[in-house]
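> The structure under discussion is supplied below as structure tokens; questions concerning it will follow.
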Amino acid sequence: MLNKYPLWKYLLILLVLALGLLYAFPNLYPDDPALQLSAQKTTSVVDQSTLLKATDALKKANIELKEAELTSAGGTLRFNSGEDQLAAKPVVAAVLGDDFVTALNLVPTTPDWLSSLGAGPAKLGLDLRGGVHFLLEVDTPAAVKQRLEVSSSEMKAALRKDKIRYRSVAVADSVLSIRFLKEADLDLAENLLGDDFPEYRYATRESNDEFYLDVSFTEAATSEIESYALQQNLTTLRNRVNELGVAEPLVQRQGSNRIVVELPGVQDTAAAKRIIGATANLEFHLEAGLEDSGSDIETLTFRDGSGRTARLERDLIITGDSVSDASSSFDENGQPQVNISLDSKGGKQMSKVTRAAVGRNMGVVFIEHKSRSRFVENAEGKMEEVRRSYSEKGIISLATIQTTLGNSFRITGLDSPRESSELALLLRAGALAAPIYFVEERTIGPSLGAENIKLGVSSAQIGLLVVMLFMLVYYKVFGVFANISLAINIILLMACMSLLSATLTLPGIAGIVLTMGMAVDANVLIFSRIKEELAAGVPNQQAIHSGFNRAFTTIFDANITTLLVAVILFAVGTGPVKGFAVTLSLGILTSMFTAIVLTRAQVNLVYGGRKNKKLYI
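Residue numbers (the UniProt record's numbering): 1 to 617.
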């Protein structure tokens, strides 16, 4: 019989609708803006007294608190608005001190029975929640140069071990040059290093009666180093962001050498840039003796502003990469210090070097990689930015080695508690494998995010109302079917967003509005086809059957091509483009179901099997 669904189809539709309502329902429970309290040290614990101290400080500051509770992760302070949350953070952080971490967070209010089923509200993007957006560029050539500088110490050690005399070792761009006075030494060095360091390319040259061995990475090795640098920077930035305590941050790769960082809820861009963009690292060197001289000695200035200098050996003991844990505290004189724990490899190297250097001084060098930018006119007469990278080195500590050092020791000589705290954070998070530069920076305030939500929802409501009125006026009863399908389509779309933990952005709301038009567009094609069949004298049941069946191919082809474009946008786009692509893709899939299957089910229930019933279309 025409226009009749079997029972299993109706049951399947009901099941889909039930699941859609279930997983869309949590969006009626928006997250509460909150402060997450956690202990900075193992000796500190977030307990009821900690919460009481925080709540008393908030009362004195006249900041309204919704709820305070202890959790397995520490403590949570809930607020009624994002403005109260932002105002409360410095108040709570000041009263609790450095022993506790106070982080912005969003706490779900979804009932437990829904959460147990995996249901939760859709995540809000940066443009709806507020926060900061950074686009960073990784200096991959600098990563290659840094790797060469590390290898230079190993090569010098190998040459000294085999008693091959060389004059100097210098790294320029992506080439390490070793200078010799005798060609015989050059030949010996090329054979030795070629066997010990096969990942390099070697080339010899002569200049001013001196002989040079130029060492560079192969193309494959260079590509591997650059890829590793980008991946390592991604990992390090994620660690640093986690140290900041930001809820649901985004750190992802864009293109070949760029990284996008989005920090929802963060408004202090200066603090975020200082932590995220810091390319600081530590190096440990022995102080050179009075009789030592030559290119293997480097004179550095202390960072305390005293103007003092010290001569250090260029050979490294270890770098900050060997640090497994670091925490800030104060020494017996009340001065800031950083307590450091090394990994097994770093601990063995430190023990090996200091065992033979008891009584000598060891310097801790703080290195910052920076860049200067200036605009110059190119050959085409246009101004372009030229960036030059450079490093600043300074000694933060020079102390006598009293005994063999192992996996744990401390660094003193820091300027302030903030410097010791940030240095500990950077060391815990890991060093960047290559310098990074800020290419783009955007800040979105919480009030602007709330305004975006209000305007976005308003536009969706207006669009929905206009579309529904048009369908009712033009298609009468069939318009009611289309409107019911449209409403359920939005419910299913939000359910998919929540179930997939997709992020809803302002362009995503635009994608939802576009989906509304596309959903009824399919119904318009079907209803117009039914009208044409009726005008041609085809019986009602046959007209309905033909309208749905013959319009299906057109609807399917149009939606598939749009879906392909949406997938491409998601694959190559970032940020707002991805948000639009997500809702558009999901909307296409849900609208295919509601516009064709659900609408026909309604038509079948009302008109199916009734030969003489008039069609109100």
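Beta carbons: idealized from backbone N, C-alpha and C, even for Gly.
Only a predicted model underlies this, so the values are computations on that prediction, with no experimental measurement involved.
(1) Have a look at I555, L586, V577 and A581 and flag the residue whose alpha-carbon is nearest the alpha-carbon of A595.
(2) Throw me the rounded Cβ distance for the L237 and V251 pair, which I believe falls under 8 angstroms.
(3) Can you find at least 3 beta carbon pairs, one from the segment 517-537 and one from the segment 555-564, that sit closer than 8 angstroms?
(4) Would you be able to state if there are at least three C-beta pairs under 8 angstroms between the segment 537-546 and the segment 488-495?
(5) What first and last residue would you give for the beta strand (DSSP E) that runs through Q402?
(6) I'd like the list of long-range same chain contacts for residue 621, defined as Cβ closer than 8 angstroms, with 5 residues on each side in sequence excluded.
(7) Could you tell me if T110 is buried or exposed, where buried requires 16 or more neighbouring beta carbons within 10 angstroms of its beta carbon?
(8) Beta-carbon separation of S458 and P121 under 8 angstroms?
(9) To which residues of the same chain is I13 closer than 6 angstroms at the C-beta, ignoring the five residues directly before and after it?
(10) Where DSSP assigns a beta bridge to P336, which residues make up the other side?
(11) State buried or exposed for D99, treating a residue as buried only when at least 16 other CB atoms are found within 10 Å of its CB.
(12) Hey, quick one: how far does the beta strand (DSSP E) through P202 stretch, first residue to last?
(13) Once you ignore the five residues that flank T590 on each side, which residues in its own chain have a CB closer than 7 angstroms to its CB?
(14) Excluding the 5 residues preceding and the 5 following I512 in the sequence, name in chain order all residues of the same chain whose CB lies nearer than 8 angstroms to its CB.
(15) Give the secondary structure of F211 by DSSP, where H, G and I count as helix, E and B as strand, and everything else as coil.
(16) Taking the straight line between their C-alpha atoms, what separation do you get for A551 and L22?
(17) Can you tell me where the alpha helix (DSSP H) holding N559 begins and where it ends?
(18) Secondary structure at S421, three-state DSSP: helix, strand or coil?
(19) For the pair the segment 165-173 and the segment 281-290, tell me if three or more CB-CB distances fall below 8 angstroms.
(20) Taking the C-alpha atoms as reference points, what is the distance between G547 and L465?
(21) Going along the chain, which residues of its own chain have a beta-carbon closer than 7 angstroms to the beta-carbon of N80, five neighbours each way excluded?
(22) Drop a sphere of 10 angstroms on the beta-carbon of N378, count the other beta-carbons inside from all chains shown, and report buried for 16 or more, exposed for fewer.
(23) In the DSSP output, what is F134 paired with across the bridge?
(24) Are the Cβ atoms of N483 and L472 separated by less than 8 angstroms?
(25) Quick check on this structure: which residue in A94, A54, A536 and F366 has the alpha carbon closest to the alpha carbon of R78?
(26) Quick one: grab the DSSP three-state call for I526.
(27) Could you tell me the distance, in whole angstroms, from the CA atom of G463 to the CA atom of K59?
Reading off the structure:
(1) A595 has its Cα closest to that of I555, out of I555, L586, V577 and A581.
(2) Yes, they are in contact, since the Cβ atoms of L237 and V251 sit about 5 angstroms apart, within 8 angstroms.
(3) Touching, yes.
(4) Fewer than three Cβ pairs drawn from the segment 488-495 and the segment 537-546 lie within less than 8 angstroms of each other, which leaves the two stretches out of contact.
(5) Element bounds for Q402: n/a, residue is neither H nor E.
(6) Summary: the structure shown does not reach residue 621, with the chain confined to residues 1 through 617, and so no result is reported for it.
(7) Answer is buried; the Cβ neighbour count reaches 16.
(8) Cβ distance not < 8 angstroms, so S458 and P121 don't count as in contact.
(9) A601, listed in sequence order.
(10) For P336, the beta-bridge partners assigned by DSSP are F330.
(11) D99 comes out exposed.
(12) The question names Pro, yet the displayed sequence has Tyr at residue 202. Residue range Y200 to S207 is occupied by the beta strand (DSSP E) that includes Y202.
(13) Closer than 7 angstroms at Cβ, skipping near neighbours: N489, L492, L493 and C496.
(14) Taken in chain order, the residues that qualify are A460, I490, L493, T583 and G587.
(15) Judged by DSSP in its simplified three-state form, F211 adopts strand.
(16) Distance between the alpha carbons of A551 and L22: 32 angstroms.
(17) From DSSP, the alpha helix (DSSP H) with N559 extends over N540 to V572.
(18) It is helical.
(19) Verdict: no, contact absent.
(20) Roughly 26 angstroms between the two C-alpha positions.
(21) Within the same chain, Cβ atoms closer than 7 angstroms to the Cβ of N80 are found at E64 and K66, the five residues on either side in sequence being excluded.
(22) Exposed, because fewer than 16 other Cβ atoms sit within 10 Å of the Cβ of N378.
(23) Beta-bridge partners assigned by DSSP to F134: V261 and E441.
(24) Using a Cβ distance threshold of 8 angstroms, N483 and L472 count as a contacting pair.
(25) The residue from A94, A54, A536 and F366 with its alpha-carbon nearest to that of R78 is A54.
(26) Helix, per DSSP.
(27) Spanning the two alpha carbons is a distance of roughly 44 angstroms.
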